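Below is one structure, written out as structure tokens, with a few remarks after it.
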Amino acid sequence: MISTTNKKDDSAISGLLGNLTRPRQSEKVIPNALEKGVFTIEAGSYVCAKVNSVPDSGEHFMVSKDNTEITVVTREENVKYLDLLEIGKERYGIILPASASSSRTSDFLAAISSALSGVGLDFLILSTYSKDYLLVKVSLLGQARQALLSLGMTEMPSRKG
């Protein structure tokens, strides 16, 4: 069966397709936010571990507890302080990206994620109330750094030296 449309239908379809392909307002802002964005690569090598109980020590990067498990992200040297159930085999570096904008935008993180995946990097995202962190395999940190620099972002020195 051959379908025919009239000019009114063609105009309506073009309008809909134009809206789908036209950049959203936020997409116009992202390149500028990326160019003025900064990132820090935290010093150290980190692991993710599943533990029996919330650790007492404040020496860990992040502790996450839900209804089924407790996960700790910590430097390798701090594993000995954990009531360990299981530890991941990967060693990660932590990248803290920050937008030039004072507010967090999902588009900013999406652009960074797209750039990292675009060069074939696997990574984890950890989010807190006011910050997002990227966990990248230590062996791939150089590639991640280059990908962020290629977006126009600036690297800042680590707070912990």
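For any residue, its number in my numbering is found by taking its place in the sequence shown, counting from 1, and adding 39. No residue lacks a Cβ here, since even glycine has one placed at the ideal position from N, Cα and C. Predicted model, so just to flag it, every value in this text is computed and none were measured.
Would you grab the beta carbon distance between residue i and residue j for me? Rounded to a whole angstrom, and I think it's under 8 Å.
i	j	result
Leu179	Leu165	Not confirmed; about 17 Å, so no contact.
In the DSSP assignment, find the unbroken beta strand (DSSP E) run with residue i in it and report its ends.
i	result
Gly132	Tyr131 to Ala137
Where does residue i fall in DSSP's three states?
i	result
Ala149	helix
Ser65	For Ser65, the predicted structure reports a pLDDT of 40, less than 50, and the residue's modelled location is therefore unreliable. The matter cannot be settled from this model.
If distances are taken between C-alpha atoms only, which option among the options comes closest to residue i?
i	options	result
Leu155	Gly83, Gln182 and Thr167	Gln182
Ser138	Ile151, Arg130, Gly127 and Ala186	Ile151
Val118	Ala88, Val177 and Met192	Ala88
Ser92	Glu129, Gly132, Thr107 and Val158	Thr107
Tyr85	Ile109, Glu116, Gly97 and Ser103	Glu116
At 4 residues or longer, what runs of the alpha helix (DSSP H) sit wholly inside the stretch 154-199?
180-189
Completely contained beta strand (DSSP E) runs for the stretch 82-126, where each covers 3 or more residues:
85-90, 101-104, 109-114 and 123-126
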